[in-house]
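Numbering (the working numbering), first residue to last: 9 to 312. Even glycine gets a Cβ: it sits at the ideal position worked out from N, Cα and C. Model, not experiment: these values are computed from the prediction. The block underneath contains the structure these notes are about, expressed in structure tokens.
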Amino acid sequence: MQDRDGYIWLDGQWLPWREAKVHALTHTLHYGYGCFEGIRAYETANGPAIFRLDEHVRRLVDSAHILAIDLPVDRATLSSLCCEAIRRNELRSGYIRPLVFLGAEKLGVDPAGADTHVMVAAWPWGAYLGGNAIKDGIRVRVSSYARHHPNVQMCRAKAISTYANSILAVREARRDGYDEALLLDTEGYVAEGSSENVFIVRDGEVLQPETTSALDGITRRTVETLAREAGLTVRAKRITRDEVVCADEVFLTGTAAEITPVIEVDRRRIGTGQPGPVTRLLQQRYFACVRGEDASHTAWLTPI
């Protein structure tokens, strides 16, 4: 990633991509204290547009607030920087990464005295879970690692440190030949994927975990809206792992993963072993929205 053409915004200036660097004693590098966002821009008939930018920026600001990090820039500036990152890097579509981190002014667990730094980058990024994942579906392993209890890690923050748990889970899954991990909460109920929310479909109902240990996903909320508009019942409940393997359909949602079908969990086929009709319907509706083809949800798009 470091050897690319383009521009990255770092602490008030646009730098050539290869010059956007930090010191080796950066506080966040040592202790993992900071937060970030993942945002997608899509190509539309009228040029690139960012999907649900306001909601993503608000979640970044909320994450910083939860972590008691004072941001040196406001929401309007962050939104403008995300747009400019697409424009400066001449992207027709792409992934945007704003990052809030603490600097090298001091070390020690207590970050008091370390300055807050902000970075915004953007680059092309295709299917997160592989080129055929959205079309054909993926295989998932229930992780041996539990998702954080809300009093261990404040789970509504998209905190950098949360992702050590995700990395352990996804590396375990891929070591065992799977594409992704599914994590349970500390009580043994389904929480989420390593970086996605999860839905199951059973007898026509779209069900999602009722849990406080999962991230409040923006794609998840989008899918809720689209499913209800399509006349589907959407309900949150505690979901057990056996309910997952007995589901008619399972799919993961996230900015990076978009809507990815799950066709197998722990070597057990899900439904017919193919992406199901509800998943396909929601995929079609979702991609119509992000590409500006659904006139009822153009407010979700920020044109560049």
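Note on residue 33: under 16 other CB atoms within 10 angstroms of its CB, so exposed under the neighbour-count rule. A Cβ-Cβ separation of about 16 Å leaves residue 197 out of contact with residue 177 under the 8 Å criterion. In the same chain as residue 257, and ignoring 5 residues on each side of it, the C-beta atoms closer than 6 Å to its own belong to 209, 279, 284, 286, 287, in chain order. In the DSSP annotation of this structure, the continuous segment of the alpha helix (DSSP H) that includes residue 173 starts and ends at 171 to 183.
Apart from sequence neighbours up to five positions away, the residues of its chain that approach residue 305 with a beta-carbon distance below 7 Å are 297, ordered along the chain. DSSP places residue 285 in the uninterrupted alpha helix (DSSP H) bounded by 285 to 298. Shortest Cα-Cα distance from residue 169 to any of 24, 139, 155, 180 involves 155. Counting only runs that start and end inside the stretch 196 to 258, the alpha helix (DSSP H) elements of at least 4 residues fall at 226 to 237, 249 to 253. Judged by DSSP in its simplified three-state form, residue 133 adopts coil rather than helix or strand.
Shown here for residue 260: same chain residues with a beta carbon closer than 6 Å to its own, the five before and five after excluded, namely 201, 204, 206, 268 in chain order. It is roughly 20 Å from the alpha-carbon of residue 189 to the alpha-carbon of residue 245.
In the pairwise beta carbon analysis, the stretch 82 to 101 is classified as touching the stretch 124 to 131: at least three pairs are separated by under 8 Å.
Residue pairing for residue 55: DSSP places it in a beta bridge opposite 52. The beta-carbon separation of residue 312 and residue 24, rounded to 21 Å, does not stay under the 8 Å limit for a contact. The DSSP-derived three-state label of residue 92 is helix. If you draw a straight line from the Cα of residue 102 to the Cα of residue 46, it is about 11 Å long. By the Cβ test, the stretch 109 to 123 is not in contact with the stretch 141 to 148, since fewer than three Cβ pairs between them sit closer than 8 Å. Ranked by Cα distance from residue 226, the first of 68, 243, 113 is 68. According to the DSSP assignment, residue 33 belongs to no alpha helix (DSSP H), since it is labelled neither H nor E. Residue 249 places its beta carbon 8 Å or farther from that of residue 213.
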